[in-house]
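Following: one structure in structure tokens, then a few remarks.
Numbering (my numbering), first residue to last: 121 to 383.
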């Protein structure tokens with residue numbers, strides 16, 4: 121830890137946590153805004169239900185994954201792993217932003233390209249994110265620059281898990297079919313497709329987020345009806361249909377998306 125004064129400030133401010141502004145809250149942790157000198161940080165304070173293994177896993181992922189499109193790790197509690205400090209970024213998460221603003225096509229491309237590049241950097245660092253969703257993408261509303269956040273479910277590549285990590289509404293179809301999930305980029309590409317659809321329409325692709333399989337089985341043979349009354353360019357329709365392929369072996373990969381969305 122280079123700045124010991126920052127570490128001391130964190131410890132002092134956490135003793136009076138109720139004075140801090142809460143940015144977000146979840147099942148595993150709460151996020152607070154933490155001021156220091158002329159800067160603001162985001163501190164993730166874990167809840168008791170979060171295991172030591174999960175806390176250490178997020179710290180390790182945060183340290184190893186380096187990208188201009190990923191939230192910047194600063195330091196963590198080295199004694200009990202009770203918190204992680206990140207650089208604060210943006211004024212919305214993408215889920216919040218889409219509740220207020222409708223994006224033009226070039227803004228969709230700009231934001232999604234950054235998400236694609238950030239996800240590629242996660243892969244290159246030897247990880248899957250395992251919880252890609254609009255709520256885990258931070259946005260600067262002035263520039264539309266983004267950073268992917270929340271590495272709490274991040275999983276090392278090739279490591280099999282026997283639980284469904286992530287958020288309903290973004291699960292790939294195979295998550296409902298297999299007891300032991302063999303993670304690969306195709307499962308994450310599906311979640312990226314849901315995000316792309318939300319960027320284009322400001323809504324989820326299926327009305328019941330828990331009923332993904334039924335939705336895909338219907339649209340697979342009836343995409344024409346699905347696209348009716350939806351003002352989406354044909355190119356995006358083809359991309360989304362490639363992403364929402366039920367068979368992961370036929371689903372497009374990250375390289376396909378990078379060839380389309382790039383700066």
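Glycine is no exception: its CB is placed at the ideal position from the N, C-alpha and C atoms.
Element boundaries [alpha helix (DSSP H), containing residue i]
{"i": "residue 233", "result": "225–244"}
{"i": "residue 321", "result": "305–321"}
{"i": "residue 192", "result": "Careful: residue 192 lies outside any alpha helix (DSSP H) and carries neither H nor E."}
{"i": "residue 388", "result": "Nothing can be reported for residue 388: it is not among the residues displayed for the chain, which extend from 121 to 383."}
{"i": "residue 380", "result": "374–380"}
{"i": "residue 124", "result": "124–135"}
Per-residue burial, residue i [other beta carbons within 10 Å of its own, 16 or more giving buried]
{"i": "residue 146", "result": "exposed"}
{"i": "residue 290", "result": "buried"}
{"i": "residue 171", "result": "exposed"}
{"i": "residue 220", "result": "exposed"}
{"i": "residue 226", "result": "exposed"}
{"i": "residue 176", "result": "exposed"}
{"i": "residue 132", "result": "exposed"}
{"i": "residue 371", "result": "buried"}
{"i": "residue 124", "result": "exposed"}
{"i": "residue 159", "result": "exposed"}
Boundaries of the beta strand (DSSP E) in which residue i is found, first to last residue
{"i": "residue 197", "result": "Run containing residue 197: none; DSSP gives neither H nor E here."}
{"i": "residue 205", "result": "203–207"}
{"i": "residue 188", "result": "No beta strand (DSSP E) holds residue 188; DSSP gives it neither H nor E."}
{"i": "residue 218", "result": "Not the beta strand (DSSP E): residue 218 falls in the alpha helix (DSSP H), residues 214–220."}
{"i": "residue 357", "result": "Careful: residue 357 lies outside any beta strand (DSSP E), inside the alpha helix (DSSP H) at 354–363."}
{"i": "residue 155", "result": "149–156"}
{"i": "residue 159", "result": "159–166"}
{"i": "residue 277", "result": "No beta strand (DSSP E) holds residue 277; DSSP gives it neither H nor E."}
Member of the options whose CA lies at the smallest distance from the CA of residue i
{"i": "residue 203", "options": "174, 190 and 210", "result": "174"}
{"i": "residue 182", "options": "270, 320 and 214", "result": "270"}
{"i": "residue 351", "options": "296, 223 and 297", "result": "223"}
{"i": "residue 216", "options": "231, 191 and 258", "result": "258"}
{"i": "residue 254", "options": "192, 318 and 169", "result": "318"}
{"i": "residue 169", "options": "191, 137 and 150", "result": "150"}
{"i": "residue 252", "options": "184, 167 and 316", "result": "316"}
Contact set for residue i: own chain, Cβ-Cβ below 6 Å, skip 5 residues either direction
{"i": "residue 277", "result": "246"}
{"i": "residue 129", "result": "156"}
{"i": "residue 294", "result": "368"}
{"i": "residue 152", "result": "140, 142 and 163"}
{"i": "residue 292", "result": "307 and 310"}
Cβ-Cβ separation, residue j to residue i (assumed contact under 8 Å), whole Å
{"i": "residue 312", "j": "residue 377", "result": "7 Å"}
{"i": "residue 272", "j": "residue 148", "result": "6 Å"}
{"i": "residue 268", "j": "residue 256", "result": "6 Å"}
Sequence-distant residues of its chain with Cβ nearer than 8 Å to residue i (five each side left out)
{"i": "residue 233", "result": "381, 382 and 383"}
Same chain only: Cβ atoms within 7 Å of residue i, ignoring 5 sequence neighbours per side
{"i": "residue 161", "result": "154, 194, 205, 206, 207 and 208"}
{"i": "residue 343", "result": "361"}
{"i": "residue 126", "result": "156"}
{"i": "residue 305", "result": "243, 373 and 374"}
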